[in-house]
Amino acid sequence: RKLPLDGQSELLPYDKTWEFPRERLKIGKQLGAGCFGRVLKGQAEGIIPGEESKTEIVAVKMVRSYADLNALASLVSELKILIHLGSHLNIVNLLGACTDVSTGDFLVIVEYCHFGNLLNHLLANRHCYNDQVDENGELTPLNPSFQNRISCGESDYLHMGTPALALAPIPVKSERKRSRKETTDYLTMLLTNRGSVSFTRAPQGQPNDEDGSDVPINQPFSTRDLICWSFQIARGMDYLSGRNVIHGDLAARNVLLAANGVVKIADFGLSRKVYQDSNYKKKGEGMLPVKWMALESLTDRIFSSQSDVWAFGITMWEIFSLGKTPYPDMEDIGGLMQHLECGGRMVIPRNCPNGVAQIILRCWKADPNVRPTFANLEHMLGDWMEESV
Ligand code: ADE
């Protein structure tokens, strides 16, 4: 059966074994917020199997407004993708969910990552970058362009063209007027997959760790750490692509740093499960992270694991530039597309070892099939890590 191109992950059922009793979850302060989603710190009693008496610090994802059905659908999709994925060290693993629609709560509980997102971490700690010293052993002064970076900004996402037509769009209605019953009916439908409703993809909001986060500062790091983080992202992405999942929004703002230098890929709100018979898919338009998008995604809306590889190259560029915004001088999509189509690419940051620079440039080959796979990237970066001990 031919599946609709958009919303494939929504067709996966919700597995109730992930349900966590709401009364055993305490919700604390906000870790991040975007236009649609919020992430809060929480404490979950006995959420780890086999450790029933232990209280675990967790991150709790929720929508900003339950009347926003698009945001709700995106979070349900993320939950289903996380269930499908299973557990891996380099992804932010699912711990549980509270989906009792009658209470009006819809919460996705994931691992808490102590150091927050990698972009903010790089920006907050860039003065502690060991290798950035001048001839006298002094730290090089801050480049003013670093200070202008608005981390995880909504400006990283641009609306492209007209929204895609959905198969059965939700009736347009002001959020305020949507009744609680309408929301709970919709949520029930999404969780059980009853009915064949698809929906217009919402502009995606991203958690913004700026407000209220307690990201640790003064954490020294070196080029070796930058390579090690890149290596771990490649590992997580190799796992993802092996499970036929396209991330669709890989960027430093969506990578989290946990204890012991472990890096985890997060934010599967734009992710899609690809079915076996197709190795690429087109998806609807909406708010898209254009500066992280591959040429074929910008021109033909083709998304694949190989377009995730392009985004991985951009993410490595962000890492080695210690948190700069990609294409700093590029403001419109048209200009960016033209630049890329003419073979233009970003200048590699100067902290980047030559061999690593070559790896990044290969991620941006126009032909997706010529780019390395995540398995290739994992091997190449693994070799580099050994060399930089
Ligand atoms: N910010 C967003 N998600 C987070 C998580 N899982 N842990 C810590 N901070 C976060």
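The sequence shown begins at 752 in full-length UniProt numbering and counts up by one.
Backbone N, C-alpha and C fix where the C-beta goes; we use that ideal spot for every residue, glycine too.
Three-state secondary structure (DSSP) of Ala795: strand
Helix, strand or coil at Lys932 [DSSP, three-state]: helix
Environment of Ser1056 [buried if 16+ CB atoms lie within 10 Å]: buried
Endpoints, the alpha helix (DSSP H) within which Leu846 is located: Premise fails: Leu846 lies in the beta strand (DSSP E), Leu845 to Cys849, not in any alpha helix (DSSP H).
Cα-Cα separation between Glu862 and Thr1050, rounded to whole angstroms: 36 Å
Straight-line Cα distance separating Val996 from Asp938: Before going further, note that residue 938 is Leu rather than Asp in the sequence given. Near 23 Å, if we compare the C-alpha coordinates of Val996 and Leu938.
Extent of the continuous alpha helix (DSSP H) to which Leu874 belongs: Leu869 to Asn876
Start-end ranges of the beta strand (DSSP E) lying completely within the stretch 814-862, minimum 3 residues: 845-849 and 858-862
Simplified DSSP assignment, three categories, for Leu916: Confidence is the limiting factor: at Leu916 the pLDDT is only 28, short of 50, which leaves the residue's position unreliable, though a coordinate-based value still follows. Correct three-state label for Leu916: coil.
DSSP three-state assignment for Thr1076, whether helix, strand or coil: coil
Same chain only: Cβ atoms within 8 Å of Gly855, ignoring 5 sequence neighbours per side: Tyr817, Arg931, Thr934 and Thr935
Identity of the residue in Met1067, Leu836, Trp980 and Gly1020 nearest Met1136 by Cα: Trp980
Range covered by the beta strand (DSSP E) that runs through Gln1089: Here Gln1089 belongs to no beta strand (DSSP E); instead the alpha helix (DSSP H) covers Ile1084 to Glu1092.
Ala810, DSSP secondary structure in three states: strand
Separation of Glu829 from Arg815, as counted between CA atoms: 15 Å
Run of the alpha helix (DSSP H) containing Val1060, from where it starts to where it stops: Ser1056 to Phe1071
Extent of the continuous beta strand (DSSP E) to which Thr1006 belongs: Per the sequence shown, residue 1006 should be read as Val rather than Thr. Here the beta strand (DSSP E) through Val1006 covers Val1006 to Leu1008.
Exposure label - Glu1129; buried when at least 16 CB within 10 Å: buried
Best match in Gln781, Thr1076 and Glu1092 for proximity to Gly867 [C-alpha to C-alpha]: Gln781
Backbone secondary structure at Asn781 - three-state DSSP: The displayed chain sequence assigns Gln, not Asn, to residue 781. Strand at Gln781.
Nearest to Trp1043 (by Cα), restricted to the options Phe1019, Glu1069, Arg1023 and Ala875: Glu1069
Three CB pairs or more closer than 8 Å across the stretch 799-814 and the stretch 972-992: no
Cutoff 6 Å; reference Met813; Cβ partners in own chain excluding five residues on either side: Arg789 and Leu858
Sub-8 Å separation of Leu873 and Ala784 beta-carbons: no
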